[in-house]
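J.:
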Amino acid sequence: TAPKTCAFYTHKVLGPRLDIHSGGQDLVFPHHQNEEAQSCAHHNTSQWVNYWIHTGHLSVKGDVKMSKSLKNTVSISQLLEKYSSNHFRMLCLLSPYRNSIEYSEETMGTAVGNCRRVESFLDECDLCLSGVKQTGAIDELAVIKLVQHTKAAVRRHLADDFDTARAVDEVLRFVSAVNTMLSSPVPELSSQSAVAVAVASNFVKHTLTQLGFTLTSKQDGQTDVKKLTSVLDATVAFRSSVREVALHPEMVRPRRAQLLQACDTLRTTLSASGIEVKDHKSQKSTWSLTDIVQPTTQTDQ
Numbered sequence: 001t002a003p004k005t006c007a008f009y010t011h012k013v014l015g016p017r018l019d020i021h022s023g024g025q026d027l028v029f030p031h032h033q034n035e036e037a038q039s040c041a042h043h044n045t046s047q048w049v050n051y052w053i054h055t056g057h058l059s060v061k062g063d064v065k066m067s068k069s070l071k072n073t074v075s076i077s078q079l080l081e082k083y084s085s086n087h088f089r090m091l092c093l094l095s096p097y098r099n100s101i102e103y104s105e106e107t108m109g110t111a112v113g114n115c116r117r118v119e120s121f122l123d124e125c126d127l128c129l130s131g132v133k134q135t136g137a138i139d140e141l142a143v144i145k146l147v148q149h150t151k152a153a154v155r156r157h158l159a160d161d162f163d164t165a166r167a168v169d170e171v172l173r174f175v176s177a178v179n180t181m182l183s184s185p186v187p188e189l190s191s192q193s194a195v196a197v198a199v200a201s202n203f204v205k206h207t208l209t210q211l212g213f214t215l216t217s218k219q220d221g222q223t224d225v226k227k228l229t230s231v232l233d234a235t236v237a238f239r240s241s242v243r244e245v246a247l248h249p250e251m252v253r254p255r256r257a258q259l260l261q262a263c264d265t266l267r268t269t270l271s272a273s274g275i276e277v278k279d280h281k282s283q284k285s286t287w288s289l290t291d292i293v294q295p296t297t298q299t300d301q
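Mapped onto the UniProt record's numbering, the consecutive letters of the sequence shown carry residue numbers 1 to 301.
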């Protein structure tokens, strides 16, 4: 009954021919074979679907299929209490679609780590382009060639049976390569370097957006987000001023310790709310949005 019902609704909505039909690997036989046979007979054709895509199952640790009958499912709302939609999307992309995916602390940890690498890279690019942070002189031609190479590699992997795992690896390698350029010891951001940074950032944003990720930055959002950005900018700037005073050679040691402790406390409080504050050698500080973590103690030196 089920295959007949699916075939009927498909014909009613999409017509006599399908380009792509997808489903879990457990539906290959008999469900999809029955659909194909019924539809070919109904439409008097030898082929109903051009491409079948059968995905692996989502399992929990120990290669046990996640299912309601086993009462081991994790709802979307439960997942989002700890992870973001980008984290789960990254998990799915890290494995070929034909393979089963294990949902566990370890596999989600890998996905979260990859997302953080990309987010940190994009934040660094924004800081460099806004002039908040200095970076090394970057060869614009080298970056453009790297973009072209990576773009071609990503396209090649996706054309090879939607190999998203290799495509994501290419993007992460690109991020690492450009990060190495950004950390060059020559602190000189020329106009050509700025163009190179913008090209690298836009390429990563475009590629991940095409893969379904939702990318935001501190400059994005509605009015309330922009207001929050202004408040955080002012807060971090004030903290930087306090640190600068505390680290002045003429500041007496007891007072210096009190001021730096207050700066530590503020940074820890912000971190617990998903806002990471980074102190740079120039004595300027920057902030970025991260995942909410348990408070930890860091001490200014």
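Every residue gets a Cβ at the ideal spot worked out from N, C-alpha and C, and that includes glycine. No experiment lies behind these values; they were computed from the predicted model shown.
Below 8 Å on the Cβ atoms is my guess for Gln-283 versus Glu-250; work out the distance and round it to an integer in Å.
T.: So it is not a contact: roughly 15 Å between Cβ atoms.
J.: Tell me the start and end of each unbroken alpha helix (DSSP H) in the region 103-172 that is at least 4 residues and wholly inside, in chain order.
T.: 105-130, 140-159
J.: Specify, as a first and last residue, the run of the beta strand (DSSP E) that Ser-22 falls within.
T.: Run containing Ser-22: 18-24, per the beta strand (DSSP E) assignment.
J.: Out of Ala-257, Gln-261, Glu-170, which one is the CA nearest neighbour of Leu-93?
T.: Glu-170
J.: Does DSSP classify Asp-233 as helix, strand or coil?
T.: Looking at Asp-233 - three-state DSSP - the assignment turns out to be helix.
J.: In angstroms, rounded to a whole number, what distance separates the CA positions of Thr-107 and Asn-44?
T.: Each residue's alpha carbon lies about 47 Å from the other.
J.: In this structure, how does DSSP classify residue 303 when only helix, strand and coil are distinguished?
T.: With the chain represented from 1 up to 301, any question about residue 303 goes unanswered, as that position is not in the structure.
J.: Going by CA-CA distance only, name the one from Asn-50, Gln-33, Val-143, His-206 that's closest to Val-168.
T.: His-206
J.: Under 8 Å Cβ to Cβ from Thr-55, same chain only, skipping five residues before and after it: list those, please.
T.: Taken in chain order, the residues that qualify are Ser-22, Gly-23, Gly-24, Gln-25, Tyr-97, Arg-98.
J.: For Ser-285 versus Val-236, is the C-beta spacing smaller than 8 Å?
T.: yes
J.: Would you report the Cα separation of Thr-110 and Arg-166, rounded to the nearest angstrom?
T.: 15 Å
J.: In angstroms, rounded to a whole number, what distance separates the CA positions of Phe-8 and Leu-14?
T.: 10 Å
J.: Under 8 Å between the Cβ atoms of Lys-61 and Glu-35?
T.: In this structure, Lys-61 keeps its C-beta atom at 8 Å or more from the C-beta atom of Glu-35.
J.: Between Arg-117, Val-132, Lys-151, Phe-213, which lies nearest to Asn-179 when the distance is taken from Cα to Cα?
T.: Arg-117
J.: Here's a check: name, in chain order, each residue in its chain whose Cβ is nearer than 6 Å to the Cβ of Lys-65, leaving out the five neighbours to either side.
T.: His-57, Ser-59
J.: Just grab the DSSP bridge partners of Val-13 for me.
T.: Looking at the DSSP output, Val-13 shares a beta bridge with no other residue.
J.: Would you kindly work out how many angstroms separate the C-alpha atoms of Arg-6 and Tyr-51, rounded to a whole number?
T.: Looking at the sequence provided, one finds Cys at residue 6 rather than Arg. In a straight line, the C-alpha of Cys-6 is about 17 Å away from that of Tyr-51.
J.: Does Gln-261 get closer than 8 Å to chain B when you measure Cβ to Cβ?
T.: Of the protein chains in the structure, only one exists, and it is not chain B.
J.: Can you confirm whether the region 79-94 touches the region 148-155 when touching is taken to mean that 3 or more C-beta pairs between the two stretches lie within less than 8 Å?
T.: no
J.: Output needed for Phe-162: all residues of its chain with C-beta closer than 7 Å, excluding positions within five of it in sequence on either side, in chain order.
T.: Tyr-97
J.: With burial defined as no fewer than 16 other Cβ atoms inside 10 Å of the residue's Cβ, what is the status of Val-28: buried or exposed?
T.: exposed
J.: Where does Ser-285 fall in DSSP's three states?
T.: strand
J.: Excluding the 5 residues preceding and the 5 following Ala-194 in the sequence, name in chain order all residues of the same chain whose CB lies nearer than 7 Å to its CB.
T.: Leu-129
J.: For Asp-19 and Asp-126, what's the separation of their Cα atoms in angstroms?
T.: 41 Å
J.: For Ser-201, collect the residues of the same chain with a Cβ closer than 7 Å to its Cβ; drop the 5 residues on either side in sequence, then sort them by chain order.
T.: Closer than 7 Å at Cβ, skipping near neighbours: Leu-122, Cys-125.
J.: Is it right to say Arg-155 is buried, meaning 16 or more other beta carbons lie within 10 angstroms of its own, or is it exposed?
T.: exposed
J.: Can you look up Val-175 in the DSSP assignment and give me helix, strand or coil?
T.: Helix at Val-175.
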